[in-house]
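Just so you know, full-length UniProt numbering puts the end of the sequence shown at 202, numbered straight through with nothing missing. To start, the structure itself, in structure tokens.
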Amino acid sequence: MKTIAIYGDSISTGTHGEGGYEAMLKSSLSLERVYNFAVGSSGLTRKTPVGMLEVLDKNPVPKDAELFLIWHGSNDWYWGSGMEEFSHGVKEAVDRLRAAAPTAELVWVTPIYRFECPDGMAQAGEAYELPNKNGYTMLDYYEELEHSSKRLGFPLIDMRRLCGIHRDNANLYLEDRVHPNRAGYQRIGAVLDREIQRFCIY
């Protein structure tokens, strides 16, 4: 595998943690090219700013990509995407990428620990426990990704469980209780490397 395409939010843009995980992944997987379509503050649905579906509307899918790495869901919680809208969005995104590059692998990464006040709400809290303005916790989006993974047949990288970032060590691995710092990205990069090599045939 020499070429991958990333679709994600600010955790994937490289603007945090001294460059994020892209360079780590490029080195560990010996990649020649990385297309990075990540947009800060974005989610999957069109209800979020420049969400992934809008990115797909505006940017041709790279047909030479051998792997699509999608990391969305966290900002759908923040902005309050509807669950039916989110479910349909997952299917639309997967269908469009597969149609453009039928032989490419596709993996989706689950949201990590986050402590913040979601849009339109008055109180901050842990995203996996705190309902957003539409009454959904991050766990609801996580569980929908699990359901979609089974329904549509793509693997999940369960970053929530595997990276080991939680409330008691968040100050060590997150810059602001949302975005990873360098140490956090080192944990994330190791998980991505291991799981991509486990899931992908190349």
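Every residue, glycine too, gets a C-beta built ideally from N, C-alpha and C.
Neighbourhood of residue i by C-beta, 6 Å cutoff - its chain only, sequence neighbours within 5 removed
i: residue 276; result: Nothing in the structure corresponds to residue 276, since the chain is present only between 1 and 202.
i: threonine 13; result: Ala38 and Gly40
i: glutamate 18; result: Arg182
Straight-line gap, residue i to residue j (C-alpha atoms, nearest Å)
i: tyrosine 113; j: glycine 189; result: 16 Å
i: glycine 80; j: arginine 33; result: 34 Å
i: alanine 38; j: serine 10; result: 7 Å
i: aspartate 176; j: leucine 145; result: 25 Å
i: leucine 172; j: arginine 187; result: 11 Å
i: alanine 100; j: alanine 5; result: 12 Å
i: glutamate 54; j: asparagine 169; result: 35 Å
i: alanine 104; j: alanine 122; result: 43 Å
i: alanine 65; j: alanine 93; result: 15 Å
i: methionine 1; j: proline 62; result: 14 Å
i: histidine 88; j: proline 102; result: 20 Å
i: tyrosine 78; j: proline 118; result: 4 Å
Cross-strand partners of residue i (DSSP beta bridge)
i: isoleucine 6; result: Asn36 and Leu69
i: glycine 125; result: Glu116
i: glutamate 175; result: Answer is none; glutamate 175 lacks a bridge partner.
i: valine 107; result: Leu69
i: leucine 156; result: Trp108
i: proline 131; result: Per DSSP, none; premise fails for proline 131.
i: proline 60; result: DSSP, once it has assigned bridges, lists no residue as partnering proline 60.
Test: residue i CB closer than 7 Å to a CB of chain B
i: leucine 25; result: Considering every chain present, this structure includes no chain B. It has just one protein chain.
Close beta carbons around residue i, own chain, < 8 Å, minus the five adjacent residues each side
i: valine 107; result: Leu67, Phe68, Leu69, Ile70, Phe154, Pro155, Leu156, Ile157, Glu195, Ile196, Phe199 and Cys200
i: leucine 174; result: Tyr113, Ile165, Pro180, Asn181 and Gly184
i: asparagine 59; result: Phe37
i: glycine 120; result: Gly80, Asn132 and Lys133
Beta-carbon contacts of residue i that lie in its chain and below 7 Å, excluding the five residues immediately before and after
i: aspartate 76; result: Gly43, Leu44, Thr45, Thr48, Phe86 and Tyr141
i: leucine 192; result: Tyr21, Leu25 and Ile157
i: cysteine 163; result: Ile112, Arg187, Ile188 and Val191
i: proline 131; result: Thr137
i: methionine 83; result: Tyr136, Asp140 and Glu144
i: histidine 16; result: Ser10, Glu175, His179 and Pro180
Residue i, buried or exposed, once every other Cβ within 10 Å from all chains shown has been counted against 16
i: residue 203; result: No answer is possible for residue 203: the residues shown for the chain start at 1 and end at 202.
i: arginine 160; result: buried
i: threonine 110; result: buried
i: serine 27; result: exposed
i: glycine 73; result: buried
i: glycine 135; result: exposed
i: glycine 51; result: buried
i: glycine 8; result: buried
Boundaries (first-last residue) of the alpha helix (DSSP H) holding residue i
i: serine 87; result: 83-100
i: isoleucine 188; result: 182-199
i: glutamate 18; result: Where glutamate 18 is concerned, there is no enclosing alpha helix (DSSP H), given that its DSSP letter is neither H nor E.
i: lysine 26; result: 22-28
i: tyrosine 136; result: Here tyrosine 136 belongs to no alpha helix (DSSP H), and DSSP marks it neither H nor E.
i: aspartate 76; result: 74-79
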